Amino acid sequence: MSEPIYQTEALIAEDIDAYLAQHEHKTMLRFITCGSVDDGKSTLIGRLLYDSKMIFEDQLAALETDSKKVGTQGQEIDFALLVDGLAAEREQGITIDVAYRFFNTEKRKFIVADCPGHEQYTRNMVTGASTADLAVILIDARKGVLVQTRRHSYLCHLIGIRNIVLAVNKMDLVGYDQKVFDDIVADYTAFAKSIGIERFTAMPISGFKGDNITSRSDNTPWYSGPTLVEHLETVEVLSSVDAEKPFRMPVQWVNRPNLDFRGFSGLIATGSVKPGDEIRVVPSGKTSTVTRVVTLGGDLNEAVAGQSVTICLADEIDCSRGDVIAIADNPPQASDQFESTLVWLNDEAMHVGRAYWLKLGTQTVSVTVHQPKYVVNVNAVGGDGAHLAAKTLELNAIGVVEISTDRPIVFEPYADNRTLGGFILIDKITNATVAAGMLHFSLRRAQNVHWQPTDITRAEHARLKNQTPRVLWFTGLSGAGKSTIANEVEKRLNLMNRHTFLLDGDNVRHGLNKDLGFTEADRIENIRRVGEVAKLMADAGLIVLTAFISPFRAERDMVRQMIPTGEFVEIYVDTPLAVAEQRDVKGLYKKARAGELKNFTGIDSPYEPPEVPEIRVNTAEMSAEEAADYIIQQLLPLK
Amino acid sequence: MTKSLTHLERLEAEAIHIMREVVAEAERPVMLYSVGKDSAVMLHLARKAFYPSPPPFPLLHVDTTWKFKAMYELRDKMAKESGMELLVYQNPEAQERGINPFDHGALHTDMWKTEGLKQALDKYGFDAAFGGARRDEEKSRAKERIFSFRTASHGWDPKNQRPELWNLYNAKKNKGESIRVFPISNWTELDIWQYIHLNDVPIVPLYFAEERPTYMWEGQLFMADDLDRLEKVMGRKPEITNRSIRFRTLGCFPLTGAVESSAKTLPEVIQETLLTTTSERQGRVIDKDAGGAGMEVKKQQGYF
């Protein structure tokens, strides 16, 4: 390690203006490196930084000290230490998060995402892959194609990376043996074909020794292909392909500084736009003409995919965040039911039937997920048993799932348009990003079932009954007193000449929901159906009372979303578990404690109390009659 | 054949997209403004993102009272020019106790900057704060998300970051949480300089070489920006020599080492930067504590 580390490029010293001009016109390639735990990813990236002279003397001094202290390469420099940033990682000797690194060559700027190898960090790998143009899949020459290699290759392919480099690493440890390399390539070729990877570029390298990284290695005279850096410098950047597609721009923000200016700001997803273009706003379908493409540096004659712009239109048409501005004669479609692939990213498994937030482009809507058609057994991809039946998706699972949104969203298949086909799911309670998804196609039934308008509206139903509809949603533990109190409230409303109906948990399970059990998925479906029935009854003008344990916040919120604002009244019948269990009117707690009753709320299934219920009654402190009186007082006036 | 975007055009578009997402989804965003070159680029990007409107959020300067005079001047000028509200916050406790870089060492950064920032964010109730951190600056920043969540007590949990896919940012917050947003995460130091060069972004003149009064302290070269004040806290008059110096990074003048230089134009500065052999943050004392994990520890405590 005696040669100068940060060699000055002649051009910088001699003609800085020429150097800056060269740098100004560089394109950018984003790529990821992935592979098994000890395949040497961090070492390779450290090597790329080192060889492209991105390491400064002070960093090198620190590196040399660290290498001796905690390095795994004896007295030699451990390049991985440059890359493994977090203190915890340095101690454990593994990479646990995505780290982004930067280097330049004369032709390009590169952003590298260094992705974790362990299976439990699949989500980090998916994150790194989602913005990458290219993937370098590392294989340890001594070990060949491993389960992790297959898994990562499949994920890269799934996320749409079309440039794949198979870097057979640690060739120095197998004596630069061509046969070892050829066997691995043959093995990988067979696998790649089976999962739909058409092309990849294989190369024998050593990240540690530097073979075939920036210069052709004398140790592999039998290899005639490009070095890794040569390949990275010349491969086509796929994002440039987006500019050739039809124009689409999701609207992020409406720019309205004064009455004379109204512009629509967004990042152009595909295609190009110029003044005079006929556009269509979807989903509304309204058309107009582009008058200006505005930027701080002056109006543009044309803007292309990848640019952030502000567009002005000739007409005052409705257009806001979430809408997509598209070329008028070839706009994207809107739908509300889709087949999608989901990658589950959260510790808490997917709840079938539950509503999540879906964010796609600039649209955020409520979405319900259905039972997976199948999950992908990534350890068996390309062979038998790759598709398995499953009831849900656990952390790191990949499955094909139907989803339905609460209103139509503008979309395109992920394979055609990453911006309008890629989405994330967000848990409505924890706000965690729980899944990444890719839309494949709209399901026919959404397109063919239309809403039939009727002449007598819900307002007219309500007027005839001289009342405002309400859904009084009683929630609480089993035995809390929901049914009793709801019954008392209904009696009082009846005396007040109000038109009411009481939906009781047990009663509904005798009919409408008799096909449902008490698993989590069934409980969610139970509440969804009751919510829909309550909504119909409220549309008919009734005051609906429901008495269901409804243990999960997410489902109560789902029903709240269905009902017009102000009409949903959450009533928390707050009874401590000990009190409810002591009452045990139906003898259910005793059975649950004895293990005869599974999934019993409060015992082996959770109850999530409301955070801000409209009304809260404490039955340890008041009788059912007092509680009912209190509720009526809170509800008044009922018009 | 449509033109393909250069790396700077892509980085600019990405930063603008991020700023617009925050404005669309956060309730009360703010831009942290330290008057350095990264802040200068951030402010320029914000003006581009919302033009012809002024950026719809204020600038927040968490002040230590020890910044260079030239920084205060540019700060006030840029706030005026951009039409943005400028909020200046100085930790009253640090003020009262007379915390300074000579007597208090690490406490100076902790009180003025870390605590000052937390207090300012709490005082105004900002739920999203733009910062100009870059992933190439330091090891732990290389792993931070663009939308980085802070607990109610402003802590950062590096093991529990939200996955960030494509350019979809989940801006939904839990009660008390706030977001630090880093729109120029993917820029390098060279990108920043080149962008300033191409767009004529105004920066503090201290980045350019000039004859300035200097003194040596603990083996490093500093500029005597406010000699009276220096004398008061040092208890003696430092020995002043005029030298042609400039700064690679700007902070509190008694903590920011200068380099001897003759680079008077931006291309010369860039040239010197590229030819130099020490990395950018070495001029700052902050990263070296705690055995190389200094910044990671500071971030977990709430430092930006």
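These protein sequences, in sequence, are chains A and B. The first sequence begins at 1 in the numbering used here and counts up by one. The second sequence begins at 640 in the numbering used here and counts up by one. Glycine included, every Cβ here is placed at the ideal spot set by N, Cα and C. As the structure is a computational prediction, the values presented were derived from the model and not from experiment.
Taking the C-alpha atoms as reference points, what is the distance between A:P610 and A:R616? 9 Å
Helix, strand or coil, according to DSSP, for A:N379 in the structure here? helix
Counting only the same chain and skipping the five closest in sequence on each side, list residues whose C-beta sits under 7 Å from that of A:V508. V530
Beta-carbon within less than 7 Å of A:E233's beta-carbon, same chain only, minus the 5 sequence neighbours each way: which residues are those? T105, K107 and R108
Any beta-carbon of chain A closer than 7 Å to the one on B:H656? yes
When you compare each of A:T454, A:A415 and A:K428 to A:H440 by their alpha carbons, which one comes out closest? A:A415
Where A:S265 sits in the DSSP three-state scheme: strand
Report the partner residues of B:K706 according to the DSSP bridge assignment. B:C891
Around the Cβ of B:A654, are there at least 16 other Cβ atoms within 10 angstroms (buried) or fewer (exposed)? buried
Please report the distance separating the alpha-carbon of A:D112 from that of A:K286. Here the sequence assigns Val to residue 112 of chain A, which means Asp is not the residue at that position. Their backbone Cα atoms lie some 42 Å apart in a straight line.
For B:P740, does the count of other Cβ atoms within 10 angstroms reach 16, so buried, or fall short, so exposed? buried
Are the stretch 340-354 of chain A and the stretch 308-315 of chain A touching, with three or more C-beta to C-beta distances below 8 Å? no
Rank A:N431, A:N526 and A:R463 by C-alpha distance to the C-alpha of B:V817 and give the top, closest one. The sequence shown places Ser at residue 817 of chain B, not Val. Checking every option, the nearest Cα to that of B:S817 belongs to A:N431.
Kindly indicate which residue of A:A21, A:R151, A:E520 and A:V569 has the alpha-carbon position closest to the one of A:K391. A:E520
According to DSSP, simplified to helix, strand and coil, what is B:K719? helix
If you measure from the beta carbon of A:R321 to each beta carbon in chain B, is any gap under 7 Å? yes
Candidates A:T122, A:E278, A:V369 and A:I327: closest to A:T289 by CA position: A:E278
Which residues in chain A sit within 8 Å of B:H909, going by Cβ to Cβ distance? One detail in the question is off: residue 909 of chain B reads as Ile in this sequence, not His. Here the neighbours are I16 and L20.
So is A:L86 buried or exposed if we call it buried at 16+ other beta carbons inside 10 Å? The predicted position of A:L86 is uncertain, since its pLDDT is 46 and thus under 50; a value taken from the coordinates is nonetheless stated next. It counts as buried.
What does DSSP give as the partner residue(s) for A:F423 in the beta ladder? A:G437
Output yes if chain A places a C-beta closer than 7 Å to the C-beta of B:S692; else output no. yes
With DSSP collapsed to three states, give me the class of B:A679. helix
By the criterion of Cβ-Cβ separation under 7 Å, what are the contact partners of A:W253 in chain B? R659, V662 and A663
Do the stretch 746-756 of chain B and the stretch 773-787 of chain B meet, that is, are 3 or more Cβ pairs less than 8 Å apart? no
Identify every run of the beta strand (DSSP E) within the stretch 130-158 of chain A, keeping only runs that are complete inside it and at least 3 residues long; order them along the chain. 134-140
Exposed or buried, what is B:G930 when buried is set at 16 or more other beta-carbons lying within 10 Å of its beta-carbon? Residue confidence is low: B:G930 scores 39 on pLDDT, short of 50, so the model does not pin down where it sits. Its coordinate-derived value is still stated next. When all chains shown are included, B:G930 counts as exposed.
Give a yes or no on whether the C-beta atoms belonging to A:V401 and A:L342 are separated by under 7 Å. yes
How would you label A:H152, buried or exposed, when you count the other beta carbons within 10 angstroms and need 16 or more for buried? buried
Own chain residues within Cβ distance below 7 Å of A:E339, not counting five before or after: V400, E402, H440, F441 and L443
Check for me: the beta strand (DSSP E) holding B:S787 runs from which residue to which? F786 to R789
Look up A:M249 in the DSSP assignment and give the residues it is bridged to. A:I325
Could you check the C-alpha separation between A:A269 and A:D242 for me, to the nearest Å? 7 Å
Closer than 7 Å at the beta carbon, the chain A residues around B:H646: K26, T27, M28 and K109
Which class does B:R780 belong to by DSSP, given the choice of helix, strand or coil? helix
Note down the Cα distance separating B:R801 from B:R819, rounded to an integer number of angstroms. 13 Å
Report the neighbours of A:G306 on chain B: residues whose CB is nearer than 8 Å to its CB, in chain order. L644, E648, R649 and A652
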